[in-house]
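There are 2 protein chains.
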Amino acid sequence: ELVAALRERFTDGPLAGRRVLITAGPTREPVDPVRFVGNRSSGRMGYAVAAAAAAAGARVCLVSGPVALPSPPGVERVAVETALEMHAAVMERVAQAEVFISTAAVADYRVAEPALEKIKKRADILELRLVRNPDILAEVAARPDAPFTVGFAAETGDLERHARAKLEAKGLDMIAANDVSAGRGFDAEENALEVLWPGGGTSLGRQPKTALARALVALVARRMEAAGRNPGPA
Amino acid sequence: ELVAALRERFTDGPLAGRRVLITAGPTREPVDPVRFVGNRSSGRMGYAVAAAAAAAGARVCLVSGPVALPSPPGVERVAVETALEMHAAVMERVAQAEVFISTAAVADYRVAEPALEKIKKRADILELRLVRNPDILAEVAARPDAPFTVGFAAETGDLERHARAKLEAKGLDMIAANDVSAGRGFDAEENALEVLWPGGGTSLGRQPKTALARALVALVARRMEAAGRNPGPA
Chain A
1 ELVAALRERF
11 TDGPLAGRRV
21 LITAGPTREP
31 VDPVRFVGNR
41 SSGRMGYAVA
51 AAAAAAGARV
61 CLVSGPVALP
71 SPPGVERVAV
81 ETALEMHAAV
91 MERVAQAEVF
101 ISTAAVADYR
111 VAEPALEKIK
121 KRADILELRL
131 VRNPDILAEV
141 AARPDAPFTV
151 GFAAETGDLE
161 RHARAKLEAK
171 GLDMIAANDV
181 SAGRGFDAEE
191 NALEVLWPGG
201 GTSLGRQPKT
211 ALARALVALV
221 ARRMEAAGRN
231 PGPA
Chain B
1001 ELVAALRERF
1011 TDGPLAGRRV
1021 LITAGPTREP
1031 VDPVRFVGNR
1041 SSGRMGYAVA
1051 AAAAAAGARV
1061 CLVSGPVALP
1071 SPPGVERVAV
1081 ETALEMHAAV
1091 MERVAQAEVF
1101 ISTAAVADYR
1111 VAEPALEKIK
1121 KRADILELRL
1131 VRNPDILAEV
1141 AARPDAPFTV
1151 GFAAETGDLE
1161 RHARAKLEAK
1171 GLDMIAANDV
1181 SAGRGFDAEE
1191 NALEVLWPGG
1201 GTSLGRQPKT
1211 ALARALVALV
1221 ARRMEAAGRN
1231 PGPA
């Protein structure tokens, strides 16, 4: 309490005292006790955003899938594995958040009926039936008391059109899109982002993810102000 | 050449001068450019075995799927991603190996037709059709000039029966089985192994993977000798 109060009092970054909820990393959807459907997210971008938001004065909670990264200093980390676990962890905390930044590569599908024992390789062909996971980002953006909601979009072609469509379909306040053709973006130290919002946008050129994260956090603070979502210090 | 010659001359470990080929880690089978079917192998056991074999005087080549581990000192590492890549890397090198230790959790199945662009989440249900990957371990063991071949078996029940069946079906010289019920074994620092060979076996009790790896390597050297596969220094 005291530490939090002192931090709010003495911090004057662009997100001073703001509660920021961030998701990061991949989710893993079990096929059986040893196999899973995963994705190439390293979590680096999300961890860099969490570190940048904390450095900008925010109180950051990071809901993270399995990654090989240390928690950024001053950030509360909640470890999850599946999309359903990430959904639950976010929904528990979103009412308290003023900003929600979804960098996680949440699996769109989970295996309908994961096997309880390791599947033996008897058959020549294995058919996996996958069903849709909840769309955490859209659900957060659709809340009546939605925080300032920022999505990420990893695309393999027609970047801006796909990202703009997602921004509008989900009713986001901002979306940051990157090109993952041929593995770009994932598991790399550098990245570039097209950042879009209703009626505008900007490009953040190729640079280390730490620098990119600081630029994005500064942009979030400016857009919140422009949208009247930043009525003075909290 | 000189370094290798000197190393052989001055090393007197139980695998002095032996060429040991080891596979480790998971493989990743692409669903599309960002999604894959993977498994929970951390690679720790295989990396520990590689380090122990090198410490026992062997010349070690480690064919490794994607893991977050540094290469053990003195070990040549070949990085692969899919089961087909691991198969190719092993087959290129196996003729030179006197020992083959398969610790990798090679995917039994790969996606029949990976998508070239990221799959959009249009449908409520996604059917993935998986086809069998080659069985690297069985193929190595079946070679006329097969090295001393050691398999690993991760099982979720009836450990010894499943492992003994695998030993016999694949014609292995040795198999090391561990229980992965409830995630045990994977991603852990400790492990326990049931080690079986034709006509015998022993238990290596729960201990750090590094100690377990040294015990296993010593056992490999003894069994090679017992099987007449160790006719004096190479």
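Protein sequences appear in the order of chains A and B.
Sequential numbering from 1 applies to the first sequence in the working numbering.
Sequential numbering from 1001 applies to the second sequence in the working numbering.
Backbone N, C-alpha and C define an ideal beta-carbon position, used for all residues, glycine too.
Residue i - DSSP class collapsed to helix/strand/coil
i: Ser1181 of chain B; result: helix
i: Leu1126 of chain B; result: strand
i: Ala1176 of chain B; result: strand
i: Arg35 of chain A; result: strand
i: Leu1015 of chain B; result: coil
i: Arg1044 of chain B; result: helix
i: Glu189 of chain A; result: coil
i: Arg229 of chain A; result: coil
i: Arg1028 of chain B; result: coil
i: Thr976 of chain B; result: Past the edges of chain B, shown from 1001 to 1234, lies residue 976 of chain B, and the structure says nothing about it.
i: Ala1234 of chain B; result: Residue confidence for Ala1234 of chain B is low, a pLDDT of 45 falling below 50, so the modelled location carries little weight and cannot support an answer.
i: Arg1222 of chain B; result: helix
i: Thr210 of chain A; result: helix
i: Arg1059 of chain B; result: strand
i: Ala1142 of chain B; result: coil
Any C-beta of chain A under 8 Å from that of residue i
i: Gly1046 of chain B; result: no
i: Asp1179 of chain B; result: no
i: Pro1070 of chain B; result: no
i: Glu1085 of chain B; result: no
i: Asp1124 of chain B; result: yes
i: Pro1208 of chain B; result: no
i: Lys1121 of chain B; result: yes
i: Ala1105 of chain B; result: yes
i: Asp1108 of chain B; result: yes
i: Glu1076 of chain B; result: no
i: Leu1216 of chain B; result: no
i: Val1099 of chain B; result: no
i: Gly1157 of chain B; result: yes
i: Glu1127 of chain B; result: yes
i: Leu1193 of chain B; result: no
i: Ala1226 of chain B; result: no
i: Pro1033 of chain B; result: yes
i: Ala1154 of chain B; result: yes
is_contact[residue i, chain B] using C-beta, thresh 8 Å
i: Ile136 of chain A; result: no
i: Pro114 of chain A; result: no
i: Arg40 of chain A; result: yes
i: Val140 of chain A; result: no
i: Ala165 of chain A; result: no
i: Leu172 of chain A; result: no
i: Phe36 of chain A; result: yes
i: Glu117 of chain A; result: yes
i: Pro233 of chain A; result: The predicted model places Pro233 of chain A with a pLDDT of 48, which falls under 50 and marks its position as unreliable, so this point remains unresolved.
i: Arg132 of chain A; result: yes
i: Ala79 of chain A; result: no
i: Gly94 of chain A; result: Looking at the sequence itself, residue 94 of chain A is Val, so the reference to Gly does not match. Val94 of chain A does not count as touching chain B.
i: Ala221 of chain A; result: no
Rounded Cβ spacing between residue i and residue j (contact assumed at less than 8 Å)
i: Asn1039 of chain B; j: Val34 of chain A; result: 5 Å
i: Gly1013 of chain B; j: Ala1056 of chain B; result: 4 Å
i: Ala1154 of chain B; j: Ala1188 of chain B; result: The Cβ separation is near 12 Å, so there is no contact.
i: Ala1051 of chain B; j: Pro1070 of chain B; result: Actually they are not in contact, since the Cβ atoms of Ala1051 of chain B and Pro1070 of chain B sit about 10 Å apart, beyond 8 Å.
i: Val37 of chain A; j: Ala107 of chain A; result: 6 Å
i: Ala1176 of chain B; j: Val1150 of chain B; result: 7 Å
i: Leu204 of chain A; j: Ala215 of chain A; result: 5 Å
i: Ala1053 of chain B; j: Val1063 of chain B; result: With 8 Å as the limit, Ala1053 of chain B and Val1063 of chain B do not qualify as a contact, their Cβ atoms being about 13 Å apart.
i: Phe1148 of chain B; j: Arg1229 of chain B; result: 5 Å
i: Gly235 of chain A; j: Ser41 of chain A; result: Residue coverage of chain A in this structure runs from 1 to 234, which leaves residue 235 of chain A outside it and unanswerable.
i: Val180 of chain A; j: Val111 of chain A; result: 23 Å between Cβ atoms; not a contact.
Proximity test, residue i beta-carbon vs the ligand ZN heavy atom, cut-off 7 Å
i: Gly65 of chain A; result: The ligand ZN is not part of the structure shown, which contains no ligands of any sort.
Using 8 Å as the Cβ pair cut-off and three pairs as the minimum, do the segment 21-31 of chain A and the segment 97-109 of chain A touch? yes
Quick check: the segment 1165-1172 of chain B against the segment 1126-1145 of chain B, are at least 3 beta-carbon pairs closer than 8 Å? yes
Three-pair Cβ contact test at 8 Å for the segment 1145-1165 of chain B versus the segment 1112-1126 of chain B: no
What are the start and end residues of each continuous beta strand (DSSP E) run of 3 or more residues lying completely inside the segment 64-139 of chain A, in chain order? 76-79, 99-102, 109-111, 125-132
Answer yes if the segment 44-61 of chain A comes into contact with the segment 203-215 of chain A, meaning at least three C-beta pairs across the two stretches below 8 Å, and no otherwise. yes
When the Cβ atoms of the segment 188-198 of chain A are set against those of the segment 110-121 of chain A, are three or more pairs found closer than 8 Å? no
Decide if the segment 1139-1152 of chain B is in contact with the segment 1090-1098 of chain B; the criterion is three or more beta carbon pairs, one per stretch, under 8 Å apart. yes
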